[in-house]
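Structure, as structure tokens:
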């Protein structure tokens, strides 16, 4: 790691992300000041070791990290410009709107550098914060058009100090990217799940892993997602509009009572597009071999399988358990690097496991 | 198990499903005759113990199981009616078209009872066949409108003899159900993945688990799926047409530059619809608690976690590994019955595991 970013750093919003930033900076010895609209949230973050509460007598921060929801981030960034020397960044998952809001509300564009760490999950609150939340994860850095290069470097230093991997991107490019890879898929997951409301109960019984996979994120909080989509409406509309045209072509094709070239083209382009989805650690999805093993659905059965894989010195990159209606035993798919897949499959067979072809 | 179905049973098409039917029937002591357009496939199925090759001197079958692709199933069912006493069924994943084809080509509708076992995976060929492939899995039974009740019972006996759970359904109702739960989601997965082809390589870097989940089935064979969609074009067009209208409403809403009531409604309906997706063994998805544990990404780490769960006597209903770009350690989500989730989380903590809130 390079030299830690210069403190003190003020973190505004001490929930999961804010408190995790505080913990990561404290790990590197950087002084951290904490704020939150809710005093009990600050107390919990202080308790966890994420920093100390900012007071009127605290020294001015060198850097302010705004960790509030996207709708409020721009306004809070503008307010943070009251510290005349400070560089201002945020950690929200959209970038154009908060920067525009901040400038409109009087923020100094030369000191505004947006950020988006690709970390965090459905958990929330300072209690869920982790000092290693950002370790080795990508953290997108999106300078405003007028940002000073020194300010950009300071945010890059913040990222590396927190253990993250900086990935510089234009704010518009970032928002188009998350529209494509996260926001539009979220809407489609909801729409697929919503279609099930009209279905006969028996119909839904006839379903498998695909439906589960495709509707998993439809479980997310609607209010939270409305706020995210609101902040990135234009880019999401663009992706969904293009997809809508693709869908119309397939529907028109199927309405002829056949599945012709338009449908085949969509399916083929899907195979090619899927190749571009990164796997674990950002490597290509296609880079792993899958070894399939049948195990009984009893306590300890999975354990013996993983113990055997560990004994063989094979690291499992991914694990999938096959779930099918009424099946009391399971197919387990183990994804491993291709150079160890034979070691794993032969080793498991020697140990009596039911490895499938 | 009740009395085994009366043999001999002729299985036409000796690939994964056909050979597995043969193995399951042989397990129950039923005589099985095998056919396939490819003699080497019959040899492999015979080799695996799925039955004996049918010859001109073989006795007439009581029951014929047609296990060929959907486009050919109707014609093969019609041909099977040359055995004047036989009941005819199939195992394809669409039901209306094969039955209609069979009748049009002279098949006797009183003896035609379609079937669809919810089993089998991306594997194919008799080498991948399993005698327990259908054990405790649903197997939809779809009589033609004119089928004799005795014939329907015979196919139900076939299902139970093979270890499956019969689920009687009207053919049209079945095809609408799989359009909703499998065929339409498949098309949408392909369309989402296809959108990635136009993206900047950097854009795809900014992605997470949602995109992986939603594009997983887009990897499937386009030619196979074109055949399936062709055989169920009308029902799939209906589902996708309705979804297309839902999508248009969201796109129109987002194009205003905001995410208003239409978007919130889609997200909320998605949450409600997702509740209807069956979990493992056909139980409600919402029935499990999730315990999240942070583990290091090294051989043996998962093993020790599963050993601990086994020691605690807790059965894991599902396991998910969180994959995020560049992150060399993993969050593991363990799904368990709610009555044992506290046992698991506290027991794991006592054993030194990093259990998250």
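Residue numbers (the numbering used here), protein chains in the order written: chain G, 1 to 357; chain W, 1 to 357. Virtual Cβ for every residue (Gly too), placed ideally from N, Cα, C.
My understanding is that residue i touches residue j, with C-beta atoms under 8 Å, so please give their C-beta distance in whole angstroms.
i	j	result
residue 273/G	residue 193/W	4 Å
residue 185/W	residue 214/G	5 Å
residue 72/W	residue 162/W	About 22 Å separates the two Cβ atoms, so there is no contact after all.
residue 117/W	residue 164/W	6 Å
residue 89/G	residue 68/G	Between residue 68/G and residue 89/G the Cβ distance is about 12 Å, and since that is not below 8 Å, they are no contact.
residue 174/W	residue 11/G	Wrong, their Cβ atoms sit about 56 Å apart, outside the cutoff.
residue 51/W	residue 33/W	6 Å
residue 6/W	residue 356/G	The pair is not a contact, with the Cβ atoms about 32 Å apart (cut-off 8 Å).
residue 53/G	residue 42/G	5 Å
residue 269/G	residue 197/W	6 Å
residue 251/W	residue 195/G	Not a contact, Cβ separation roughly 17 Å.
If the criterion is Cβ atoms closer than 7 Å, does the pair residue i and residue j meet it?
i	j	result
residue 171/W	residue 96/W	yes
residue 336/W	residue 317/W	yes
residue 31/G	residue 8/G	yes
residue 276/G	residue 187/W	no
residue 75/W	residue 45/W	no
residue 226/G	residue 264/W	yes
residue 262/W	residue 249/W	yes
residue 353/W	residue 303/G	no
residue 77/G	residue 102/G	yes
residue 319/G	residue 291/W	no
residue 158/G	residue 20/G	no
residue 91/G	residue 125/G	no
residue 295/G	residue 332/G	yes
residue 81/W	residue 60/W	no
residue 300/W	residue 300/G	no
residue 16/G	residue 259/W	no
residue 308/G	residue 348/G	yes
residue 137/G	residue 119/G	yes
residue 341/W	residue 289/W	yes
residue 168/W	residue 141/W	yes
When burial is assigned at 16 or more other CB atoms within 10 Å of the CB, is residue i buried or exposed?
i	result
residue 85/W	exposed
residue 93/W	buried
residue 345/W	buried
residue 146/W	exposed
residue 313/G	exposed
residue 87/G	buried
residue 106/W	exposed
residue 48/G	buried
residue 29/G	exposed
residue 361/G	With chain G represented from 1 up to 357, any question about residue 361/G goes unanswered, as that position is not in the structure.
residue 149/W	exposed
residue 37/W	exposed
residue 199/G	buried
residue 39/G	exposed
residue 246/W	buried
residue 201/W	exposed
residue 143/W	buried
residue 139/W	buried
residue 26/G	buried
residue 338/G	exposed
Is residue i near the ligand FMN - that is, is its Cβ less than 6 Å away from at least one heavy atom of it?
i	result
residue 225/G	In the structure on display, the ligand FMN does not appear, and there are no ligands present to speak of.
Report the residues of the segment 254 to 278 of chain W with a CB closer than 7 Å to any CB of chain G, ordered along the chain.
Per Cβ criterion, the list reads 254, 255, 257, 258, 259, 263, 264, 266, 267, 268, 269, 270, 271, 272, 273, 274, 276, 277 and 278.
Near-chain W residues of the segment 172 to 196 of chain G - C-beta to any C-beta below 8 Å
From the segment 172 to 196 of chain G, only 173, 174, 176, 177, 178, 180, 181, 182, 184, 185, 186, 187, 188, 189, 190, 191, 192, 193, 194, 195 and 196 have a Cβ closer than 8 Å to chain W.
Flag this pair as touching only if the segment 189 to 204 of chain W and the segment 151 to 158 of chain W have three or more C-beta atom pairs under 8 Å; answer yes or no.
The answer is no - the segment 151 to 158 of chain W does not touch the segment 189 to 204 of chain W, with fewer than three Cβ pairs under 8 Å.
Near-chain G residues of the segment 299 to 322 of chain W - C-beta to any C-beta below 9 Å
Result list: 299, 300, 301, 302, 303, 304, 305, 306, 307, 308, 309, 310, 311, 312, 313, 314, 315, 316, 317, 318, 319, 320, 321 and 322.
If we count Cβ pairs, one from each stretch, closer than 8 Å, do we get three or more for the segment 167 to 183 of chain W versus the segment 200 to 216 of chain W?
Result no; under three Cβ-Cβ pairs closer than 8 Å.
Are at least three pairs of beta-carbons, each pair with one atom in the segment 228 to 247 of chain G and one in the segment 255 to 272 of chain W, less than 8 Å apart?
Counting C-beta pairs with one atom in each stretch, the segment 228 to 247 of chain G and the segment 255 to 272 of chain W have three or more that are closer than 8 Å, which means they touch.
Along the segment 208 to 242 of chain W, what residues have a CB closer than 7 Å to any CB found in chain G?
From the segment 208 to 242 of chain W, only 208, 210, 211, 212, 213, 214, 215, 216, 217, 218, 219, 222, 225, 226, 229, 230, 233, 234, 236, 237, 239, 240, 241 and 242 have a Cβ closer than 7 Å to chain G.
Counting only Cβ-Cβ distances shorter than 8 Å, please list the residues of the segment 152 to 173 of chain W near chain G, keeping chain order.
From the segment 152 to 173 of chain W, only 165, 167, 169 and 173 have a Cβ closer than 8 Å to chain G.
Residues in the segment 58 to 91 of chain W with C-beta within 9 Å of chain G's C-beta atoms, listed in sequence order?
Closer than 9 Å at the C-beta level to chain G, one finds no residue of the segment 58 to 91 of chain W.
Using a Cβ cut-off of 8 Å, which residues of the segment 334 to 347 of chain W contact any Cβ in chain G, in chain order?
None of the residues of the segment 334 to 347 of chain W has a beta carbon lying less than 8 Å from any beta carbon of chain G.
Of the residues that make up the segment 33 to 45 of chain G, which ones have a beta carbon closer than 8 Å to any beta carbon in chain A?
Chain labels in this structure do not include chain A; the protein chains are G and W.
Tell me which residues of the segment 13 to 29 of chain G have at least one Cβ-Cβ distance to chain W shorter than 8 Å, keeping chain order.
Going along the segment 13 to 29 of chain G in chain order, one finds no residue with a Cβ nearer than 8 Å to chain W.
In chain order, what residues of the segment 132 to 147 of chain W put their CB closer than 8 Å to some CB of chain G?
Hits within the stretch, in order: 132, 135, 136, 137, 138 and 140.
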